[in-house]
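Heads up, the thing below is written out as structure tokens.
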Amino acid sequence: MKEKTVQPVGTTRWWLYIVAAVAVFFMLCFGNNGSYYTQKVVGLLGTVAVVCMLLFADKERIKRLLTPPAFAVFAYMLLAGISTLYARSGKFAIAEFACLLAAFAVFMVIVLHAQDSKTAFRRVAAVLACAAAPVGVLSIDAASSNILVRPFRVLMEAVGEGYANTGAYFYSRLNTIFGNPNIYAGLMSIACLLSLWLVLTAESRKQKILCTILLMVNAVSYLLAFSMGSLGVFVVACLLMLVLCPKEQRIGFFLLLLQTAVVALIVGAVSVKGFGDTVTGSPLPLLMLVLGCAAASLLEVWVRDKVSVILSDKGKVLVGVIIGIIVVMAVYLVAALSVTGAYTFGTEGDFRRTADLGAGDYTLTVEASAPVSVRVAYKNTSNLIQNNETDLVSGTSDAPITFSVPEDSELVFFYFTCSEPGVTVNSAVYDGAASGSIKLGYKLLPAFIADRIQDLSANGNVVQRRVYWQDALKLWQTAPVFGRGLGGFENGIVSVQDYYYETKYAHNHYVEALCDLGVLGLAAFLAMLGTAAWALVKSRKEKPLFVMLLAACVVQMFGQAVTDVIWSVGGCLPMFFAVLAMITLYCGDCLRIKVPESSKGGTVKWPIAAVSSIFIVLIGLNLIAQSIFTGNSLTLDKLKTCAAIDLFEKNDYKLSYLLSGGNEEGVADQYAADLAKEESNSITIPLAQYYVGSGQFAKAMYTLRDGADYMRADAEMWQQMFDIYESIIDPVDQFNAVPLLEDNSYIEYMMASYQKLQAVNADQLDEVLLKAENNSFLNKLLTVSALEPYDRSTTLEIFANLGLDTATAPDVNQDGAPDYATVQEGAVVWNGNGSFTAQTDCLVVFSTVLKNEGEYRLKVQSSDAAGVLQCYVSSNEVAFDPATGMSEAVHDLGGGFESSVSLRIKAGTTIERVEFSR
0 MKEKTVQPVG TTRWWLYIVA AVAVFFMLCF GNNGSYYTQK VVGLLGTVAV
50 VCMLLFADKE RIKRLLTPPA FAVFAYMLLA GISTLYARSG KFAIAEFACL
100 LAAFAVFMVI VLHAQDSKTA FRRVAAVLAC AAAPVGVLSI DAASSNILVR
150 PFRVLMEAVG EGYANTGAYF YSRLNTIFGN PNIYAGLMSI ACLLSLWLVL
200 TAESRKQKIL CTILLMVNAV SYLLAFSMGS LGVFVVACLL MLVLCPKEQR
250 IGFFLLLLQT AVVALIVGAV SVKGFGDTVT GSPLPLLMLV LGCAAASLLE
300 VWVRDKVSVI LSDKGKVLVG VIIGIIVVMA VYLVAALSVT GAYTFGTEGD
350 FRRTADLGAG DYTLTVEASA PVSVRVAYKN TSNLIQNNET DLVSGTSDAP
400 ITFSVPEDSE LVFFYFTCSE PGVTVNSAVY DGAASGSIKL GYKLLPAFIA
450 DRIQDLSANG NVVQRRVYWQ DALKLWQTAP VFGRGLGGFE NGIVSVQDYY
500 YETKYAHNHY VEALCDLGVL GLAAFLAMLG TAAWALVKSR KEKPLFVMLL
550 AACVVQMFGQ AVTDVIWSVG GCLPMFFAVL AMITLYCGDC LRIKVPESSK
600 GGTVKWPIAA VSSIFIVLIG LNLIAQSIFT GNSLTLDKLK TCAAIDLFEK
650 NDYKLSYLLS GGNEEGVADQ YAADLAKEES NSITIPLAQY YVGSGQFAKA
700 MYTLRDGADY MRADAEMWQQ MFDIYESIID PVDQFNAVPL LEDNSYIEYM
750 MASYQKLQAV NADQLDEVLL KAENNSFLNK LLTVSALEPY DRSTTLEIFA
800 NLGLDTATAP DVNQDGAPDY ATVQEGAVVW NGNGSFTAQT DCLVVFSTVL
850 KNEGEYRLKV QSSDAAGVLQ CYVSSNEVAF DPATGMSEAV HDLGGGFESS
900 VSLRIKAGTT IERVEFSR
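Take the sequence shown: its letter number 367 is residue 366 in numbering that gives the first Met the number 0, and every next letter is one higher.
Dropping the structure here:
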């Protein structure tokens with residue numbers, strides 16, 4: 000009878016483990032690719048679960064939380080939660096904190112409800128490894144056969160956007176359904192460590208086979224992501240795991256690492272041939288994965304243990320084997336980088352190679368079985384910092400390609416493109432300043448690895464990450480103790496950039512924590528690392544198997560955090576918090592604070608429950624406000640309600656109220672005043688537009704002035720700023736601007752913004768440039784500003800009639816050339832003040848936007864006007880009289896459309912000024 004009563008309970012528990020694995024899998028997916036809404040819903044559900052667990056947990060389970068590792072987690076969560084209340088962008092902050100809340104729920108489930116035994120430890124590890132495995136399988140399928148991922152995408156898109164195209168390609172590495180190989184690698188690296196440990200500690204053949212299959216799925220998909228930073232840390236973690244492994248199992252574990260690496264490399268190298276064509280689909284990657292699982296299982300069951308026994312008492316033989324493996328690997332690596340030949344295109348359509356060429360002129364000759372397109376580019380120090388490149392030339396294999404490598408070149412890149420699979424590039428030989436050939440097909444190296452190692456000597460990603468860290472430290476100095484709040488880096492990065500780039504994270508969580516949470520937040524994050532290490536050291540002798548796994552996981556989690564964003568995204572956080580929970584439960588007991596037997600742990604239980612309850616309410620109100628906002632019958636009163644109940648996104652609702660025409664006395668002005676105080680990368684322009692629409696022009700310009708300081712590197716912001724300026728002051732088609740031109744105060748205020756933009760460009764690595772409409776407006780503004788004395792009538796004539804005037808042309812990058820001028824043929828020297836001299840016969844094009852319709856005429860000032868060979872207006876040639884320096888009149892121009900004036904100039908001719916006016 001006892002056996003009959005126990006069996007159903009055991010079966011139920013296995014179903015619970017399966018449900019837990021599925022739940023963690025979906026939590027990972029929604030946390031990484033879900034919308035802000037789905038992330039907040041998952042976070043809310045997790046927080047409700049935390050409160051329920053605390054309320055119904057007995058005192059013995061609550062006492063499990065009385066350890067330093069748990070206290071460190073609580074401190075980090077508390078600081079992150081509090082930061083959402085003062086964050087520069089509550090919208091970013093609460094979404095990121097929701098991912099932390101979901102991960103914290105996983106932490107609490109394990110600490111409060113897992114059993115304190117080796118069997119329970121294995122089951123927790125198995126649940127986590129199994130939760131990650133589908134991510135790997137779906138990622139491989141998404142880049143190949145698309146059989147499994149199609150219904151998955153339908154399911155996920157039905158709940159929330161985020162999976163429309165993810166994982167749909169393979170270029171030098173697996174993109175994965177997470178859309179970011181490095182984040183994915185953060186997850187799968189932990190899954191691989193868990194799987195290795197499960198295989199090592201398996202107690203039956205069935206367990207060995209199942210765990211080996213799990214290991215191969217995780218290992219192959221992890222390898223295909225080929226995150227070099229993650230793999231580097233992973234090697235260190237595996238070595239630590241090997242060192243900490245009990246002596247009697249160390250040989251077996253070494254062989255397990257070896258067989259896993261060999262099989263995974265073979266499977267990965269062959270699988271690459273099946274990636275790329277997601278239309279017809281290739282089953283090869285999934286087939287190879289199955290074969291890899293089968294091969295690894297056979298090795299595990301029939302080979303590894305026997306070899307372990309043979310080597311167990313032969314220390315010298317083992318040392319020889321290890322040395323032999325190292326020598327073979329070294330020889331293979333040298334050979335793999337040296338043995339090259341032709342490259343045959345598959346479905347990938349392109350590949351890149353590099354060469355370290357010195358400065359000088361070169362000729363590239365490409366021999367291919369069919370025409371192949373070739374693009375040559377280079378990177379200098381500035382390119383490396385900005386993670387871009389400069390093109391040198393483009394051509395085809397049909398003819399030799401000539402190019403010049405500049406003095407400042409760090410590395411030259413060659414891009415070969417062909418849309419026809421099966422075409423072979425036999426050779427690519429260069430001569431000139433140096434001679435040699437480009438290595439094309441690496442015969443002994445998988446293609447995805449060959450592509451990834453091309454720019455190791457000049458890797459823009461590495462250099463750009465340093466820029467992120469430096470900029471994050473600049474932001475940290477604005478709020479050193481408590482930080483700027485979660486999302487503070489994303490919100491404020493444009494205010495300190497030396498060139499414009501887009502990133503949500505600093506790609507180093509230590510720096511990110513410092514920027515977002517200040518010194519206190521970094522201390523809490525380091526405390527999680529320190530207390531985890533402390534607990535592991537204290538438990539080393541009693542629980543060596545537990546410690547070998549958890550120590551490796553800690554190295555991986557906190558090591559990869561130096562270069563990647565893995566601690567800021569929902570795709571990794573549940574796994575990381577689960578590892579911290581395992582340390583708390585299974586190793587933290589040696590550090591557990593002693594409390595009276597009668598204590599129920601209320602000092603921990605009730606504060607956590609109280610803070611969690613507060614965020615349940617706050618996130619609940621946020622979701623209610625979002626539901627009202629996205630409803631079908633949104634009114635101004637409902638917007639006021641949303642702004643009143645939502646602590647995190649109230650600014651969005653206030654702004655929507657203003658832009659929707661809300662003008663209730665005392666409300667609109669207060670909303671505008673509140674928004675004007677915010678440091679935001681999304682409020683400046685719409686708030687200025689509101690002020691303009693309500694006739695508060697001075698406030699609009701003050702808002703733009705402050706926004707220009709905060710968003711100095713954002714070209715789009717500057718372009719919109721001058722759009723708004725034009726809407727305020729340009730009297731064409733808007734007579735309300737005429738009174739503003741009574742004096743030049745508005746003109747000079749706008750000129751100050753132009754000068755500020757010039758100062759920004761002087762400090763920037765890149766250039767903040769304006770649109771054609773902005774340049775046309777600025778040309779008028781600069782012409783008016785040059786009036787001495789100022790005269791309103793003349794000002795009105797300038798705005799009404801001027802098309803362009805190079806004497807007062809805008810030059811925001813201060814390169815001496817008008818911003819709207821382009822030399823399409825030949826070469827010129829710009830002399831300043833719109834004057835230029837043709838060094839060769841050349842074609843110079845001036846672009847403008849003509850608002851007023853009518854008849855326009857070109858005027859050229861030159862001591863040798865006969866050097867003007869031809870004139871064109873919007874591609875139509877017009878007659879030009881050198882004697883008068885005037886063109887014939889051009890009719891039917893204007894209406895707000897872009898036009899151009901083109902001059903073909905004879906070599907040696909100097910043009911002092913070009914005017915085009917009505």
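From the three backbone atoms N, C-alpha and C, an ideal C-beta is built for every residue, glycine too. Here the structure is a predicted model, which is why all the values come from computation and not from measurement.
- Pairing Ala432 with Asp360 gives a Cβ-Cβ distance under 8 angstroms.
- Under the three-state reduction of DSSP output, Gln869 falls in the strand class.
- By the CB criterion at 8 angstroms, Ser846 and Ser899 fall inside the cutoff.
- Segment contact: the stretch 496-515 against the stretch 527-546, fewer than three CB-CB distances shorter than 8 angstroms; contact not assigned.
- A distance below 6 angstroms between beta-carbons, with the five flanking residues on each side excluded, links Tyr652 to the following residues of its chain, in chain order: Leu638, Cys641 and Ala642.
- Counted as a single uninterrupted DSSP element, the beta strand (DSSP E) harbouring Asn830 occupies residues Val827 to Gly831.
- The beta carbons of Ile17 and Met581 sit no closer together than 8 angstroms.
- Setting aside the 5 residues that flank it on each side, Leu740 is surrounded in the same chain by Ile728, Pro730, Ile746, Arg791, Thr794 and Leu795, each with a C-beta closer than 8 angstroms to its C-beta; the list follows chain order.
- For the pair Val737 and Asn800, the Cα-to-Cα distance works out to about 15 angstroms.
- The three-state reading of DSSP puts Arg149 in helix, counting H, G and I together.
- Under the 8 angstroms Cβ criterion, the stretch 620-630 does not count as touching the stretch 658-671, having fewer than three qualifying pairs.
- Here Val198 is near Leu214, since their CB atoms are less than 8 angstroms apart.
- Residues of the same chain with a CB within less than 6 angstroms of the CB of Gly42, apart from the 5 flanking positions on each side, are Ala97, Leu100 and Ala101 in chain order.
- If you draw a straight line from the Cα of Gly569 to the Cα of Glu156, it comes to about 17 angstroms.
- Judged by DSSP secondary structure, Val843 falls within the beta strand (DSSP E) whose first and last residues are Cys841 to Leu849.
- Inclusion of Leu186 and Val134 in the CB contact set at 8 angstroms is warranted, their separation being smaller than that value.
- Counting along the chain, Ser744 sits inside no beta strand (DSSP E); it lies in the alpha helix (DSSP H) bounded by residues Ser744 to Asp762.
- In this structure, the beta-carbon distance from Phe91 to Leu485 falls below 8 angstroms.
- Contact holds between the stretch 587-605 and the stretch 60-73, because three or more Cβ pairs, one in each stretch, are under 8 angstroms apart.
- Per DSSP, the continuous beta strand (DSSP E) segment holding Glu914 begins and ends at Arg912 to Ser916.
- Relative to Val308, the option among Glu247, Ser408, Leu285 and Gly348 whose CA is nearest is Glu247.
- For Lys779, the number of other beta carbons within 10 angstroms of its own is at least 16, and it is reported as buried.
- Taken in chain order, the complete beta strand (DSSP E) segments of 3 residues or longer contained in the stretch 417-490 are 423-431.
- DSSP places Ala376 within a strand segment (E or B) once states are collapsed to three.
- The stretch 853-871 makes contact with the stretch 904-913; the number of CB pairs closer than 8 angstroms reaches 3 or more.
- Note on geometry: alpha-carbon atoms of Ser194 and Ala128 lie some 6 angstroms from one another.
- The Cβ atoms of Tyr499 and Ala806 lie no closer than 8 angstroms to each other.
- Minimum Cα-Cα distance from Pro809 among the listed residues Gln838, Leu777 and Asn830 corresponds to Leu777.
- With contacts defined by Cβ atoms closer than 8 angstroms, Ile723 and Thr46 do not form a contacting pair.
- DSSP places Phe557 inside the alpha helix (DSSP H), whose first and last residues are Pro543 to Gln559.
- As the crow flies, the alpha-carbon of Ser612 is around 52 angstroms from that of Asp304.
- Straight across, the Cα-Cα distance linking Ala20 with Leu525 is about 29 angstroms.
- Looking only at Glu876, Leu310, Leu892 and Asn379, the smallest Cα-Cα distance to Leu902 is reached by Glu876.
- Note: Lys858 is bridge-paired with Met885 and Glu914 in the DSSP secondary-structure output.
- The stretch 642-692 is shown to contain whole alpha helix (DSSP H) runs of 4 or more residues at 649-658, 667-675 and 683-692, in chain order.
- Between Met287 and Val269, the C-beta gap is smaller than 8 angstroms, which places the two residues in contact.
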